[in-house]
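See structure below.
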Amino acid sequence: MYDGAHISFEFFSVKGDLGRQKITDMCRRLARYKPAFYSVTYGAGGSTRASTQQLVETIQSNGFGAAPHLSFGGDSAGELVELLESYRQKGIKQVVALRGDLPSGIAGVGQLTHANELVALIRDSFGDHFDISVAAYPEIHPEAESYDRDVYWLAEKIRAGANRAITQYFYNPDAYFRFIDETAKQGIDAPIIPGIMPLTNYHNLVRFSDSCGAEIPRWLRQQLQQRSHDSTDLVEFGLDVVSELCRKLLEGGAPGLHFYSMNNIAVIDALCQNLRLTEHP
Ligand code: FAD
Numbered sequence: 010m011y012d013g014a015h016i017s018f019e020f021f022s023v024k025g026d027l028g029r030q031k032i033t034d035m036c037r038r039l040a041r042y043k044p045a046f047y048s049v050t051y052g053a054g055g056s057t058r059a060s061t062q063q064l065v066e067t068i069q070s071n072g073f074g075a076a077p078h079l080s081f082g083g084d085s086a087g088e089l090v091e092l093l094e095s096y097r098q099k100g101i102k103q104v105v106a107l108r109g110d111l112p113s114g115i116a117g118v119g120q121l122t123h124a125n126e127l128v129a130l131i132r133d134s135f136g137d138h139f140d141i142s143v144a145a146y147p148e149i150h151p152e153a154e155s156y157d158r159d160v161y162w163l164a165e166k167i168r169a170g171a172n173r174a175i176t177q178y179f180y181n182p183d184a185y186f187r188f189i190d191e192t193a194k195q196g197i198d199a200p201i202i203p204g205i206m207p208l209t210n211y212h213n214l215v216r217f218s219d220s221c222g223a224e225i226p227r228w229l230r231q232q233l234q235q236r237s238h239d240s241t242d243l244v245e246f247g248l249d250v251v252s253e254l255c256r257k258l259l260e261g262g263a264p265g266l267h268f269y270s271m272n273n274i275a276v277i278d279a280l281c282q283n284l285r286l287t288e289h290p
């Protein structure tokens, strides 16, 4: 089902040959959904530079399309161009361009440059070589001046040359559909792919959602809390809720789904099967 929808999977970077082997195995298992790419996160402030680069190159060298996340964080423009050049030489053609965050505890040190400037740097340095995804926030970025300004800055990232946006996760589909209407009013016609976070751990989700400004609806928070001591029950419940969210999004016109895999293949695969995403032998 949902033939032609954009599908992508995100991993966080891992260290060591064994870790990279596990992620490569996951890519192999998920390849039947014909993802546009497998992206790999870049730790706050560029803190995972080496492990991100190694994992990206491993995924790519195994014949899968890898998309490194990139941010200024602790890197200068020159260092980023160097990193991008080494990606280009390895045949990597897709990137996720972000402002990023600084690691906690070092606020005030380092450089945070807005993502539209990173998109412009990539286009100026590499022309059309890279397909660029950027971040979007249907529930609005926590530091945004206002809803309209946040949509405006998304439009600036697209005008600077981004090909699509991938959203922060959310559990209220109305927030996404309203956001799509608002972005259309500001002339954004690039695809905005919902980012999908599986529900697997109550405490981690609450902690992370508080820091990134994603809302967990009250009914959902209560249900997850109730199940927080029984992980099998929580995961099964979470699968139902997230599958239903994905169906509503795709049936309402979302152009695809980007899965935050959290390196948990079992849950992501179960989700794709629940959705009966088109499989390619
Ligand atoms: P920006 O687009 O720069 O926006 C940041 C804030 O500044 C917003 O409030 C916006 O309204 C405002 N703004 C934007 N441009 C300007 C401008 N030119 N002038 C003034 N204000 C402006 N973080 C990581 O550290 N590593 C990752 O790998 C990572 N992957 C992510 C993947 C996805 C799909 C998403 C949605 C987020 C990811 N993040 C990651 C988190 C992201 O880095 C943070 O949310 C960060 O705080 C903002 O990044 P951004 O690219 O959206 O920034």
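Numbering of the sequence shown is given in my numbering, commencing with residue 10 and proceeding in unit increments.
For glycine and all other residues, C-beta sits at the position ideal for the given N, C-alpha and C.
Small disclaimer: the values here were computed from a predicted structure and weren't measured.
By the 10 Å Cβ neighbour count, where 16 or more other Cβ atoms means buried, how is residue i classified, buried or exposed?
| i | result |
| --- | --- |
| E148 | buried |
| H267 | buried |
| S70 | exposed |
| Q177 | buried |
| D133 | exposed |
| A199 | buried |
| K194 | exposed |
| Q231 | exposed |
| W228 | exposed |
| N213 | exposed |
| F217 | exposed |
| A223 | buried |
| Q235 | exposed |
| G265 | buried |
| L27 | exposed |
| Q98 | exposed |
| Q282 | exposed |
| G117 | In this prediction, G117 has a pLDDT of 47, which is less than 50 and means its spatial position is unreliable; what the coordinates show is noted afterwards. Its Cβ having fewer than 16 others within 10 Å, G117 is exposed. |
| P151 | exposed |
| R58 | buried |
| G83 | buried |
| S252 | buried |
Hey, quick one: how far does the beta strand (DSSP E) through residue i stretch, first residue to last?
| i | result |
| --- | --- |
| E19 | H15 to F20 |
| F268 | G265 to Y269 |
| D110 | Looking at the DSSP string, D110 is not in any beta strand (DSSP E), and its letter there is neither H nor E. |
| D12 | No beta strand (DSSP E) contains D12, which DSSP labels as neither H nor E. |
| S155 | Run containing S155: none; DSSP gives neither H nor E here. |
| I101 | Neither: I101 is in no beta strand (DSSP E) and is coded neither H nor E. |
State the start and end residues of the unbroken alpha helix (DSSP H) segment that holds residue i.
| i | result |
| --- | --- |
| L280 | I274 to N283 |
| A129 | A124 to F135 |
Between residue i and residue j, which are expected to be in contact by the criterion C-beta below 8 Å, what is the C-beta distance as a whole number of angstroms?
| i | j | result |
| --- | --- | --- |
| H78 | Y96 | That belief does not hold up - the Cβ atoms of H78 and Y96 are roughly 12 Å apart, past 8 Å. |
| D140 | Q103 | 5 Å |
| H289 | R108 | The Cβ separation is near 35 Å, so there is no contact. |
| L89 | F135 | The pair is not a contact, with the Cβ atoms about 11 Å apart (cut-off 8 Å). |
| V276 | L248 | 7 Å |
| F3 | T122 | Because the chain is modelled from 10 through 290, residue 3 falls outside the range shown and cannot be assessed. |
| L111 | A53 | 6 Å |
| A145 | I175 | 7 Å |
| L280 | P207 | 6 Å |
| T209 | M271 | 7 Å |
* **Entirely enclosed alpha helix (DSSP H) segments - the stretch 160–242, minimum 4 residues** => Within the stretch 160–242, the alpha helix (DSSP H) runs of at least 4 residues that lie entirely inside it are, in chain order, 182–194, 211–221 and 227–235.
Report task. Identify every run of the alpha helix (DSSP H) within the stretch 24–87, keeping only runs that are complete inside it and at least 4 residues long; order them along the chain. Result -> 25–39 and 58–70
* At a cut of 8 Å, does the stretch 153–172 reach the stretch 229–241 through at least three beta carbon pairs? -> no
query: Using 8 Å as the threshold, is the stretch 71–88 in touch with the stretch 34–52, meaning 3 or more CB pairs across them?
result: yes
* Are the stretch 177–185 and the stretch 199–206 touching, with three or more C-beta to C-beta distances below 8 Å? -> yes
Meets three-Cβ-pair contact criterion under 8 Å: the stretch 17–30 and the stretch 247–256:
Touching, no, given that fewer than three Cβ pairs across the two stretches are closer than 8 Å.
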